[in-house]
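Here the protein sequences come in this chain order: U and Z. The working numbering numbers the first residue of the first sequence as 1 and each following residue consecutively. The working numbering numbers the first residue of the second sequence as 1001 and each following residue consecutively. Backbone N, C-alpha and C fix where the C-beta goes; we use that ideal spot for every residue, glycine too. To start, the structure itself, in C-alpha cells.
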Amino acid sequence: MQRFIDLQNKANKYTQKLSKKPRIRIGSDISGVAAGSLIISDEFHKQIALNKLDILISHVGGFGLSYAEPLIDIEMPDGSRVFYSNVQLTDVERIVQEHIIQCKPPLDIAFATSNFTSTLTSVPDFYDLPVNKMQTKILTENFGEIDPLDISEYISLGGYSSVAKALFEISPEDVHKEILDSKLRGRGGAAFPTGVKLGFLKGSNAEQKYILCNCEEGDPGAWNDKAILESDPHRLLEGLILAAIATNASHGIIFIRHGNDIPISRTKAAIQSAYDSNLLGISILGSEFSFNAEVVLVGESYVAGEETALMEAVEGKRAMPRYKPPFPAAFGVWGHPSNINNIKTIANLPSIISKGSEWFKSIGTDTSSGTAVLCLSGNILRPGLYEVAMGITIRTVIEDICGGVPNKKQLKLLQTGGPLGGVLNSTKLDTSIDFDSMAKAGAILGSGGIIVADEDVNVVDLTRMLIAFCQFESCGKCFPCRLGNSHLLEILNRICDNTSSPSDIDLMRKVGTNMQQGSLCGHGQLGFNPIKSALEYFKEDFDSAFENINKEINAPIQIPTRANRY
Amino acid sequence: MVANGHEINLIVDGKQITTIPGKTVLEAALESQIYIPYLCYHPGMKPFAACRMCMVREEIEIEVDQDGQKVKQKVLRPPTASCALPVRDGMVIQSNSNEIRELQTDIMEMVIAEHPHGCLTCHRIDLCGPGDICLRHVSVNDRCVTCPKNERCELKDTVRYLGMDINSPLNYQTRNLPVENGDPFYDRDYNLCIVCARCVRVCEEVRGDSAITFLERAGQSLVGTSNGTSLMQSGCEFCGACVDVCPVGALVETDNKWEKAANVEKTICNLCPVGCQVNLEFNNREKMIRVIPELNSPVNKGQACFRGKFGSSYINDKKNTTPKINNKGIFIDKSIDEIIHDISSKIPSMNPHETAVLVAPNISNESAYVIQKFSRTVLKTNNILSDTDNSTQSVMPLIERLGFAAATNSMWNIEKSDCIILINANITEEYNVLGLPIKNALRNGSNLITIDSRETESASIATHWIRPNPGSELILIQSIVNQLLRSKEIEPNTLFEGVNIDEYKNIFAELTDDNIQQIAGVSYTFMNDIIETLVSANNISIIYSSDNININQTDQFVHSIIDLSIILKNVFTENGGLFPLSQGSNQQGLIDMGCRSEVLPGHRLITNNQSSKDITTNIFTYNDLEKLIYNQQLKNLFIIGDIESFSYDHVVLSMNTTTRDAIDNIILLTPSPNSSLIEISDYIFPIKLHTEEIATYTNLERRIQITDAIVKTTTDQLSTWEFLSRIANTLNIDGFSYRNSSAVMDEISSVVTQYENISHAKLNASAKVILKPEDNNPLPTQLLHSDKVLIGIQWKPEVNISEFKLNKIPDLELNITTPDKLILIPGRVLSIEGTEVEINPITNKNTAIYEKSLLMSPIDAQNLSINNGDYVNIETQYEISTAKVKIDPNSHQGFVYCTKLFAEYMSFLENDKSFNPMLKPGKLNYQTVSITKII
C-alpha cells in the first residue's frame, strides 16, 4: 500500500507543477485528428516557439464532441479555461497572441468557457452546454481532461486507487462480489451479467488464466471503444487488473483491430508505463498478485470481434468462430480458461470498486445499471460521443443532446447497435435506452452506435449497404452465413436494379430465417436483422421499388458477391 | 460398447441408443445406424460445425409457472449442430422433424446454387446410363455425369436423401475458375468446392502440414494453397489425405479420374514397413483404379502417403507373365511343371557353400518361412540374405540385448511421448505414416530431437536438430550416453542392477567435451540443452534407422542406441519405446521367420543352435555375397522378389560378364514383368503379388496382418512358398506338403514362439463387420469402403529385464576418416522459400524452380577456389545439377550439403515408368560428387 501512496504523492507533485503553466489541450482522438487537430497542433507549436512562450501543449483524447473538432481548450494557471471549437489554422495566431500573450481571450470566436470570471454572458459555460450537462460521465469522465499517455495525471485524479484497494483493503472475493452486486451487464452486445461471467473464470483452478478485452470494434458508426483507448487507456488497464484480481487471472490480452494506430500506440504506451510503475508485472505494488497484459492486434475482420473467433485470431489462425461447448471459461486462448469482455465493461470496474456497487446501481434502470456510451452520427446537428445514464430515451439524446435533425427535415430512421442491430423508425424514438427496452423495440444497444437518417434516405438502398457490410464481413465458415448473406445481397442488388419481383421478399425471408436458425455465431444469426426490421418499418420503400421494375434507372454501384471473385 | 465402466443412453428420433462418453450426438447416431446428413464432419477429425446440415434439436424439461404452480414442461432447444454436441445421459434428440428438414433443404439449396448440379434437375436423371451421351438436356459444365466424383459424391447423396425438389429461386452462379491440374498426382477443381474445409482441416489437424488453407472470406472464401498457387510451393507431402476426405469432385486423383468403382477390396499396402490398410477400388474391367486408406485401421487410421495412395498401380501391370528359361539370350516359355523339373534337376549338384538365396524384404511371412526352410533343408545352405544394405543389421543386435528384434511398443504410442529421438531416419519419405504420431506429439508440446546430417523434413520440424558431422553419429550417441551418466539427475542406483557405472564412465573417459565438439561438430551448449531436455522428459521414444552409417560401425551404433535407451529407461514405459526401422514391408516378418543367415525362426541366434550340423552355419552378409561374386566362387543364386527396387547399386545388378558367367544358375522369382534381372537369369518364374495370394505380413510394430487374394492371376503363377514346396516335393524331401498358406502359418505358429496361436482363421476373425449402408439409408460415401475392420494381431515382445544391461564393451572409434573426394550430404524438405513454379509446355505439368544452395566448408572452397555466392555444377553418378555456394564455417571439410525440394522428387516419381517406382525408398544416401565452378 505504501508503494501506491508514494506513487500518488509523486503524481500529485508532478501535476501541481504542471498546473503552474498555461496549458493548451488539443483534442486528438480520431475525430479530432480527422478534423485536422494535428495541423492545428503544429501551428501552435510554431507560434509558441516564435514567441518563446513557456506553455504546455497536451494531446488529450477528446470530449466526444465530434461536431466541434478540432476542439482546443486553453487553461491558464488561475484555472480559467476557454474552449475554441472548429479551430482554423488562421485562428491559431490570434488565439496565441490575444489569449496567451495579451491575456485577453478572443471570446468572439470562443466556443465555451469554464471557471471564467469575465461577466461576458454570450459565451456559455462548457459544462453547462446541453451536450455536456445531460451526460452522466463514468467512463468518459477524464476524456479531454488528461493526457492519455501520462500515468501521473490519471493517478492524481484517483486512478489506480481501486487497484490498491482491491489488493490491500478488500479480498478478491469482495471485488467479485462488488461487481456481481453492481448488476453490471456486458457492454459488447449480449448484455450478459459481468459478475456471473467473471465467476466462470474464477471457478477454474488453472494456473494460467486469461482475461481478454475486446476492442475489435468493427461496427460502422461506433468509435467508443477506440475513444476509451485514445482518451483514457489507463482506465481500461485498471479495470483489467481488477477483473484479474477478482478471477485470479494471470494474463490479460487487449485486442485492437490493426490499423487503429492512435488507440494501439496509446494502449501500448499505457501498458509500458503501468509496468514501469509496477502496476503490472510480478508482485503488483508489492503484493503477491502478478498479472501481465499485452496488446494483440487482429486483422481486419468484423467477425474477429466474436469471442471465440478472437481467440482463434490471437492464436494466429483465421478469425473464425469456434463451436460451443467447450466454452471459453473452460477452453479459451491456447486452450487455457479465458474470459472475454468488452472494453466498456472492463472500464466500468474502477468506478464500481472505488465508489461501490450501490452508487453504480443508483445510475440507470433496475435491470440495466450504469451508463451507455453512445456514438451518434448521421443526419443530426451535433454528432459525437455521449455517455448517458441508462433509461434516458432516444428522443432526449437525439433532440436535446444532438440538437435534432438539421435543415428542418424529418427523422426517418435510426440504425442502432451496428449493422446487425437493424433499423427503427421514428415511432420508436421514445424507447428508453437500456438493454431490455431496446430488445423489446426490436433493436439492440450493441456497440452503442446510433446512426440517424432523415427523410431523404431510401431504406432499400441503406439496407443494401448494411447487408453488403454483413456479407463482406462474414468469415466464410458456416454455410448459412457465408451463402445466405451473399444471396441476400444479390437479391437486394436486384431490387435496386429494378430487376426483381415482389416474390423476392419471401425469398429473402426464407434465406434470412435459415441464417437465423442455422448459423454458427451471432453474425449469421443476426445477419437478417437489417432486412427484417426494414421490412417491418419501411415496407413502403420496398413496395415503391417494385413499382419501378424493369424501368431504366441510374445503375447503383455494384457490390461484389460470390461470383465476382478476384 | 462399455468403456471405463459406464455407458450413455440417449434417445434419437424416438430410438434408444447407447454410446460411450466423449462421443458427439452425430457419431453416436451414425454408429447406431441413424443417419443425420452432414457435409463438413469427417470421422477422425475434430468437429468444425460449419455446414450446419447435421442440425438437431434437443428436447429438455423446464419448470414453468402455471397458475402459481410449478409445472414441468418439455421444450425444444434451438437447433444446434450435432457434430459438435457432446452426448449426455438421458438426452432426447430430434433430428428428423419437418422443421429440421426444412433447415437442411434450405442450406442445401444455397450450397447447390454455386455447385454445378444440372443433372439433378434433369427429368431424365433416372434414365441416363453410364454410356449415354447427353445432347441438350444439361449444359456441359453443369453436368453431374461428367464429374469425376459422380455417384460417389456426398453432396448428391445428401440431396437425394433429403428428397429435394430442385427448383430453387436462388440465383445459380458458378465460379468459372480454371482447373488446377499441373501438380503431381491429383487435380483441384475449385468450381466444385463447397468450402467444407475437410481438406484444410485434415492437412492441418491430421497431417500437420497446413499446405492448403482458406483464401478470401465471406461469399468468396475458397480453399487454396497456403503459399504460392501450386502444391509444389506450399509444402504438400502428396499424401492424398485431402483427396480422401473431399465430399465432392473438387479434389480427385489424376489417374483414372473418371473411373467408377465396381468393386472394393481391402488389402495391406506393401510399399513400406508401416503396413497401412487400404481399400482398392476396381472398375468393371477388374482394373485397380484407386486407393482409399482404411478409416478404421488401427495402423494408419485412415491415412496413407504418396506411395500407398498414388503408387499402387503396379498391381495392374503384372498380367500375362509366364515362366521362362533363358537359353543364351533366347527366352523360352515353359509350363510350371517344366520349370520345376528343370530347377529340381539342378539342385542335387549344388554345393551349399557356393549357393546363396537373396530375398526381397517385402515377401510374405509364409513365403519367407518356406524360403528359409527350403534353403536350410533342401539347399543345405545358410546363405540367406535379405538386406540390400546395412538396414537389417540395425535390428539384429536387439536380439542379443532385448531377446527379440523388433520395436518394443506400438507406433501410435509415440503420440504420447513427451520426447522423441529420431536418429538417421527419413520418416516422411520412407515411413510416412509413422510421422503422424510424431507430428501429433510435437503439436502437443513434445520435443523432437532429430539426429541426422541430412536436412530431412523430420530435421526441419524438429525442436532440436543435431547435425553431426557425417560419420560421427556413433560418437555423438556415445557421448550423449556418457553425459547422461555424468549428469547428476541420473542416480546410478536407479539404473538396472548389475551395471557397473564406474566401469562405464571409464570407457568414456576419452570423450571430453572438446573432442565431441571437434569430431561431431556439436557445440557444448547445444549438447547441454539436449541433455537437459532428455533428463526432464518422462516418456521417451527412440526411433532409429541406420541410413548412411558405415557398415562396420552399424553394430556399435545400434548397441549405443540401446545403451541410450537403458539409461533413459524408455523401453518399459507405456508411451516410450525403441523403434528400429528397416527396409521393406515385411523385414520384421523375415526376421521372425528366420529368413536370414544368423537367425532361425523365432529369433534363435544360429550360434546358439548347434543342432544343424549338416548345413553351412556361417553368417552370410552382403559383404560375403560381394566377395563370393567377385571371387567367382558363387555358382548358384536364388533371387526371390523385387530386390532391385530396394537398391540402386546392388552387387547383383552391377555384375559384369565375367562375374555373371561364373555363376552356373540364377533362379529368379519375381513379380515384376520387366525386371532388369530377367536378362541375367537362367530361370525366371513369375510369383504372385501381395494382392494375389492369401498371406500375412508383419509391420514395424509387430502387427501381423492378413491379405486376401483380391486380384486374379494366370494359372502360370504361384506363391513363392508354393513354388519352392513343389520343388522340394519333386526332390522327395519331407516337410513341404502344405495344402495352402494357412497350413504354412500353422507350422509357423508351432515353430516361432512369437507367433504362437496365430492362424489365418484367427486373423480373419479379428476383422469385424461395421456399418454397411442399405439401399434405403444412404450413408455417406466415405464409409462405403469400410465393410470390415481388420485389427491384425501384434505379437507380444517378452523382455527379459535382467538380461537387459548396458553394453559391456563399447568400442570407441574416435577417428573418423576424412575422405579424399567431396561427399554430398543430400537433403529433402517439403518447402523451400522462394520456390517458383513454371508450367512445362510438353507435359502441361508444374515444374518447381528454386535455387539450390550448396553448403561448403571454407577449406574446400579455398581448395576449389570458389567464393561465396558462386554457382557450381554438382556432378553425381546419375545427374548434374546447379547450385549456389554458401560457405559455411560449420560444415566439415570434405563434405558438401545440398537440400532439394520434395515436390521435385514427386514429379520424378510420377514420371518414373518402371514396374513399381514407389517401392524404391529413394534413399537420401551420401554420394561422391565432383564440384565444378560455372564461369
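Query, Result
"Whole alpha helix (DSSP H) runs in the stretch 287-320 of chain U with 4 or more residues, listed along the chain?", "307-314"
"Helix, strand or coil for Z:Asp1664? Go by DSSP, reduced to three states.", "coil"
"Can you tell me whether U:Gly569 is helix, strand or coil according to DSSP?", "Within the shown structure, residues of chain U are numbered from 1 to 566, placing residue 569 of chain U beyond reach of any answer."
"Put U:Lys197 into one of helix, strand or coil per three-state DSSP.", "helix"
"Between Z:Met1396, Z:Gly1792, Z:Asn1528 and Z:Asn1575, which has its C-alpha nearest Z:Gln1556's C-alpha?", "Z:Met1396"
"Is it buried or exposed for Z:Asp1183, if we count other Cβ within 10 angstroms and need 16 for buried?", "buried"
"So, is the C-beta of U:His258 closer than 8 Å to a C-beta in chain Z?", "no"
"Count the CB pairs spanning the stretch 97-115 of chain U and the stretch 67-74 of chain U that are closer than 8 Å, and state whether there are at least three.", "yes"
"When the Cα atoms are used, what is the spatial distance from Z:Lys1143 to Z:Thr1715?", "One detail in the question is off: residue 1143 of chain Z reads as Arg in this sequence, not Lys. If you take the alpha carbons of Z:Arg1143 and Z:Thr1715, they lie about 44 Å apart."
"Run through the stretch 1092-1154 of chain Z for me and flag every whole alpha helix (DSSP H) of 4 or more residues, listed as ranges in chain order.", "1098-1112"
"Using a Cβ-Cβ cut-off of 8 Å, state whether Z:Arg1217 counts as contacting chain U.", "yes"
"Would the beta-carbon of Z:Ile1451 fall within 8 Å of that of Z:Ile1421?", "yes"
"How long is the line joining the alpha carbons of U:Pro130 and U:Leu198, rounded to whole angstroms?", "37 Å"
"Grouping DSSP H, G and I as helix and E and B as strand, with all else coil, what is Z:Thr1781?", "Any answer about Z:Thr1781 is weak, because its pLDDT of 49 lies below 50 and its placement is not dependable; what the coordinates show is given next. Helix, per DSSP."
"Apart from the five residues on each side of it in sequence, which residues of its chain come closer than 7 Å, Cβ to Cβ, to U:Leu381?", "Cys402, Gly403, Gly404 and Pro406"
"Under a Cβ-count criterion, where at least 16 other Cβ atoms within 10 Å of its own Cβ denotes burial, should Z:Gln943 be classed as buried or exposed?", "Residue 943 of chain Z cannot be examined here, being either before or after the span of chain Z that is shown, 1001 to 1935."
"Identify every run of the beta strand (DSSP E) within the stretch 321-380 of chain U, keeping only runs that are complete inside it and at least 3 residues long; order them along the chain.", "338-342 and 371-378"
"Taking 8 Å as the threshold, find out whether the stretch 1337-1355 of chain Z comes into contact with the stretch 1370-1389 of chain Z through three or more Cβ pairs.", "yes"
"Counting only C-beta atoms, is Z:Asp1775 closer than 8 Å to chain U at any point?", "The predicted position of Z:Asp1775 is uncertain, since its pLDDT is 48 and thus under 50; no value can be drawn from it."
"Looking at the secondary structure, which residues open and close the alpha helix (DSSP H) in which U:Arg94 lies?", "Leu89 to Arg94"
"Can you pull out the residues from the stretch 480-501 of chain U whose beta carbon lies closer than 7 Å to at least one beta carbon of chain Z?", "Pro480, Arg482, Leu483, Gly484, Asn485, Ser486, His487 and Glu490"
"Where do the N-terminal and C-terminal ends of the beta strand (DSSP E) with U:Arg3 fall, by residue?", "From DSSP, U:Arg3 is part of no beta strand (DSSP E) but of the alpha helix (DSSP H) over Gln2 to Leu18."
"Beta-carbon separation of U:Glu306 and U:Cys478 under 8 Å?", "no"
"Using a Cβ cut-off of 8 Å (strictly closer), state whether Z:Val1111 contacts chain U.", "yes"
"Out of U:Ile505, U:Gly335, U:Pro22 and U:His523, point me to the one whose CA is closest to U:Asp541's CA.", "U:Ile505"
"Which of the three DSSP states, helix, strand or coil, is assigned to Z:Val1481?", "helix"
"Just to confirm my understanding: we take Z:Ile1684, look at its own chain, exclude 5 residues before and 5 after, and list those with CB closer than 6 Å. What are they?", "Lys1324, Leu1668 and Ile1678"
"Tell me whether U:Asp42 sits in a helix, a strand or coil according to DSSP, three-state version.", "helix"
"Do you know how far the Cα of U:His59 is from the Cα of U:Ile39?", "12 Å"
"Kindly indicate if chain Z contains any beta-carbon less than 8 Å away from that of U:Pro130.", "no"
"Hey, out of Z:Thr1456, Z:Ser1719 and Z:Ile1727, whose CA is closest to Z:Ala1368's CA?", "Z:Ser1719"
"Any chance you could list the beta strand (DSSP E) runs of at least 3 consecutive residues sitting entirely within the stretch 1163-1189 of chain Z, in chain order?", "1186-1188"
"Where does Z:Gln1782 land, buried or exposed, given buried means 16+ other C-beta within 10 angstroms?", "Only weak support is given to the placement of Z:Gln1782: the predicted model assigns it a pLDDT of 47, under 50, and the value that follows is read from those uncertain coordinates. With 16 or more Cβ atoms within 10 Å of its Cβ, Z:Gln1782 is classed as buried."
"Quick one, are the C-beta atoms of U:Gly422 and U:Pro530 less than 8 Å apart?", "yes"
"Taking the alpha carbon of U:Ser338 as the reference point, which residue from U:Leu212, U:Leu236, U:Gly281 and U:Ser354 has its own alpha carbon closest?", "U:Leu212"
"So U:Phe472 packs on Z:Ala1218, CB below 8 Å; how close in whole Å?", "6 Å"
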